[in-house]
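Here the structure is laid out as structure tokens; the discussion comes afterwards.
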Amino acid sequence: MANVIIVGAQWGDEGKGKVVDIYTEHAQQVVRFQGGNNAGHTLVVGDEKTVLHLIPSGILHEGKRCIIGNGVVLDPKIFLEEIDGLKKKGYLKDDGQLLVDGAVNLIMPYHRAIDIAREHKAGGKKIGTTGRGIGPTYEDKVGRRGIRFADLLKPETFARKLKDVLPEKNFYLENFLGEKPLSESAILDEYLAYAERLRGYLGNASIEVNLAIKAGDNVLFEGAQGSLLDVDHGTYPYVTSSSTIAGGACTGVGVGPGLIDAVIGITKAYVTRVGEGPFPTELHDEMGEQIRKTGSEFGATTGRPRRTGWLDIVALREAVRTNGLTGLALTKMDVLNELDTIKVCTAYRYKDQLIENFPADLDILRDCTPVYEEVPGWQQDINYVKEYEQLPAKAIDYVEKIESWTGCPVVLVSVGPRRDETMVRKNPFA
Ligand code: IMP
């Protein structure tokens, strides 16, 4: 029996969906604990591509219980669209496969409107959010003004809470953001219609997950976004509004930390970032463009081109520490196939100092320049390699260097989007 947390070890989009999909084979439950439909997990089964924003990736495996924990924020419209899309493809035959905790906070139309209008108003100072209403929803949750999934299923409670909160939202929208106010009756009609379809998914994530663990099941906790987007430990304020690091799994579901056996951080063989904020190893040249094209680095949620850069070990070590990573899963290694030389940032230079720890102060981080080590590229197609030992020596050398620089073992190597383009070196469930 093992309970494993999977987190992004960079700024998101590390290929978590695929790794979760592979590990799901060993788990009976897959649980999301934070974020919302700002995430976009792309999964390829056979030749069919499925993009999931909210529902745990484990849903593609029949019989696996998929749970949305209290730490998640849920847009009911998107959730229902995702359910319909999955059913159309023949998944989710049994609705009992999916459970939503009653304490999940709902993304409301005013959250989306505020998110978008604020970004617009901020101009050059924007965060570059996904515009899905994530930040404003978490603000209301912490401000104790949120409307929860369980409230939606009680029409009178939902109507009362909406009536209480909407005047303040409309005041802010109209008088500060210069937007149109939203209609209470329109929101009520829209959301109560959703409620009828959602009733069957209500449950208690903490009870379900703890019961499963007691019964000896394996549980996989599926993180979204990445460690450097964590609201406390990321590049604040250029972060998302939830706890993306492993500790978030405990608060976002209601499980004790002592029940966690392994924490796997997903990292690409290079780095990408969407939205604004510092990115020390960012490439603004043809190499950056080549990585973007070869790696198809365009957002799964917003379609935005991702910023690209060399692997940043300083940032990765931060993720190893804040998450207590027990293993790294290295993805998209094949994107570097053609390069004769690969650069890796192993320290930063700040003024005349050499820095090995990721600076918490953004003003310092902004002025850091990367110190690179050059590693020879393998310059051959590795997509067809099935066993780690059969990788070219230079590719193995790249993996081993990452292990020695971070002090964390690489337990999985991915060389393509498909399930069979993966080398599992150590199974965290074993
Ligand atoms: P928000 O989560 O929409 O509030 O966006 C805040 C920041 O997190 C922005 O820089 C987004 O681009 C980034 N972000 C949010 N979700 C993801 C994700 O799933 N992958 C990568 N970046 C993300």
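Using my numbering, read the sequence shown as starting at 2 and increasing by one per residue.
Glycine residues also receive a C-beta, built at the ideal position from the N, C-alpha and C atoms.
Predicted, not measured: the structure shown is a model, and the values here were computed from it.
In this structure, Tyr349 has its beta carbon at no less than 8 Å from each heavy atom of the ligand IMP. Beta bridge pairing from DSSP links Thr268 with Leu331.
It is roughly 15 Å from the alpha-carbon of Gly249 to the alpha-carbon of Asp102. The alpha-carbon separation between Thr347 and His234 amounts to approximately 20 Å.
In the displayed model, Gly276 falls within coil according to three-state DSSP, outside both helix and strand.
Within a 10 Å sphere around the beta-carbon of Arg305 sit fewer than 16 other beta-carbons, which makes this residue exposed. The alpha-carbon of Leu355 is positioned some 29 Å away from that of Val264. Every alpha helix (DSSP H) of 4 residues or more that sits fully in the region 350-389 is shown, in chain order, as 363-367. The beta carbons of Asp14 and Thr273 sit about 6 Å from each other, so the pair counts as a contact at 8 Å. Counting the other CB atoms within 10 Å of its CB gives Ala330 a total of 16 or more, which places it among the buried residues.
Counted as a single uninterrupted DSSP element, the beta strand (DSSP E) harbouring Lys50 occupies residues 49-53. The count of Cβ pairs closer than 8 Å, one atom from the region 195-208 and one from the region 41-48, stays below three, leaving the stretches out of contact. For the 9 Å CB-CB criterion, Gly278 and Gly129 form a contact.
Looking at the DSSP output, Ser415 sits in a beta bridge with Thr423. The beta-carbon separation of Tyr271 and Leu312, rounded to 5 Å, stays under the 8 Å limit for a contact.
Counting only runs of at least 4 residues, the region 91-166 fully encloses the following alpha helix (DSSP H) elements, listed from N- to C-terminal order: 110-123, 135-143, 150-153. The Cβ atoms of Gln11 and Ala225 lie no closer than 9 Å to each other.
Residue burial is scored here from C-beta neighbours: Gly134 has at least 16 other C-beta atoms within 10 angstroms and is therefore classed as buried. In the structure shown, Gly86 falls within a helical segment according to DSSP collapsed to helix, strand and coil. For Leu212, the uninterrupted alpha helix (DSSP H) run begins and ends at 206-215, by DSSP. Taking all protein chains in view, the Cβ of Ser228 is crowded by 16 or more other Cβ atoms within 10 Å, so the residue is classified as buried. For Phe34, the three-state secondary structure derived from DSSP is coil.
Remark: fewer than three beta-carbon pairs, one from each stretch, lie closer than 8 Å, so the region 275-291 and the region 25-41 are not flagged as touching.
Minimum Cα-Cα distance from Tyr92 among the listed residues Val105, Gly18, Thr51 corresponds to Thr51.
The three-state reading of DSSP puts Val46 in strand, counting E and B together. If you look at Cys67, you'll find it in the beta strand (DSSP E) that goes 66-69. Annotated as proximal: Asn39 and Thr241, with beta-carbon spacing under 9 Å. Taking Pro182 as reference, the option from Glu197, Pro168, Leu193, Lys65 with the minimal CA-CA separation is Pro168. Distance from the C-beta of Val315 to the nearest heavy atom of the ligand IMP is not below 8 Å. Proximity to Leu199 across Pro238, Tyr173, Ala151 peaks at Ala151, based on C-alpha coordinates.
Asp76 is not bridged by DSSP to any residue. If you draw a straight line from the Cα of Met334 to the Cα of Arg146, it is about 44 Å long.
Following the DSSP letters along the chain, one finds Glu223 inside the beta strand (DSSP E) bounded by residues 220-223. Distances from the CA of Ala213 to each of Arg293, Cys67, Leu413, Thr158 were compared; the closest alpha carbon is that of Cys67. Linking Pro371 to Leu363 through their CA atoms gives a straight-line distance of about 15 Å.
At least one heavy atom of the ligand IMP lies less than 8 Å from the C-beta of Tyr239.
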